[in-house]
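Quick notes on the structure that follows.
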Amino acid sequence: MVGLATVFGAGGGTSSYAEAEAADVIVMWGSNARNAHPIFFHHVLQAVRAGAKLYVVDPRRSETAQFADRWLGIEVGSDIALANTIAREIIVSGLARRDFIERATTGFDEFAASVEPWTLERGEAITGVPAEAIRDLAHTYANAEAAQLCWTLGITEHHNGVDNVLSLCNLALLTGQVGRFGAGLTPLRGQN
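Encoded structure:
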């Protein structure tokens, strides 16, 4: 799966903004959507009011984080480390959706080997996010019926912005959280 996220091929999302309302888990990664994308965040709030869990991954306790069930205050620049730790936890816990992986991806064995060193303890040491919080996010995201993974400039405006995005795309591929109503990858950008 390493690098396979490029199959998506465009800067747009895999689902509509309105589909966020059908998600039972929403992860806002490097995004203060409450402030920067209020129209989309209205859909997020509708989902939260209907019972969806909201996770916010951001170095800052932003306005968006005020609405979150859980805020993961990550160290700046450690996004890939966190995504790799989440991926490893999903794999070692048997939560990867093998049917989806076999049908819709290639390179799983290489990807699994690449994230193997990213234990919860190592992830915590690098990212500053408690291991328990990483585990909680990994399990909740992987077990969701429909999860949205959203990001903004908080992860793209880095020297490794492309790799940051690919690491999030790989989480969706690992869990089959793409290609179904309410599940998807949503980059929040002016162009969208």
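FYI, the numbering for the sequence shown is -2 to 189, going by the numbering used here.
All residues carry an ideal CB built from backbone N, CA and C; glycine is no exception.
Check                                                                                                                                                     : Outcome
Do you know offhand how far ILE83's Cα is from GLU107's?                                                                                                  : 16 Å
Of all Cβ atoms in chain D, is any one closer than 9 Å to the Cβ of ASN140?                                                                               : Going by chain labels, chain D is absent from the structure shown, which holds only one protein chain.
Can you tell me whether DSSP reads GLN174 as helix, strand or coil?                                                                                       : coil
Cα-Cα, which of PRO184, ILE23, ALA135, ALA44 is closest to VAL162?                                                                                        : PRO184
Going straight from the alpha carbon of GLN174 to that of ALA144, what length do you get?                                                                 : 6 Å
Would a C-beta distance cut-off of 9 Å place ASN32 and THR11 closer than the cut-off?                                                                     : no
Got a sec, what are the start and stop residues for the beta strand (DSSP E) ARG57 sits in?                                                               : First-last for ARG57: undefined, no H or E at that position.
Are the region 94 to 104 and the region 58 to 74 touching by the rule of at least three beta carbon pairs closer than 8 Å?                                : no
Is it a yes or a no for the region 37 to 50 touching the region 124 to 131, going by three-plus beta-carbon pairs under 8 Å?                              : no
Smallest Cα separation from LYS50: which of ALA19, ARG177, LEU165?                                                                                        : ALA19
To test your reading of the DSSP string, which unbroken alpha helix (DSSP H) runs of 4 or more residues are found completely within the region 86 to 169? : 95 to 101, 105 to 112, 117 to 124, 128 to 140, 150 to 153
Assuming contact is defined by CB atoms lying nearer than 9 Å, are LEU146 and LEU182 in contact in what I supplied?                                       : yes
Is the beta carbon of VAL126 closer than 9 Å to that of LEU79?                                                                                            : yes
Determine the DSSP secondary structure at THR11, reduced to helix, strand or coil.                                                                        : coil
Helix, strand or coil for ILE23? Go by DSSP, reduced to three states.                                                                                     : strand
In this structure, what does DSSP give as the bridge partners for GLY181?                                                                                 : GLN145
How far does the alpha helix (DSSP H) with PHE64 in it extend, from its first residue to its last?                                                        : No alpha helix (DSSP H) holds PHE64; DSSP gives it neither H nor E.
My understanding is that TYR138 touches VAL22, with C-beta atoms under 8 Å, so please give their C-beta distance in whole angstroms.                      : 6 Å
Please classify ARG85: is it buried, with 16 or more other beta-carbons within 10 angstroms of its beta-carbon, or exposed?                               : buried
Which term fits ILE36, buried or exposed, when burial requires 16 or more other beta carbons within 10 angstroms of its beta carbon?                      : exposed
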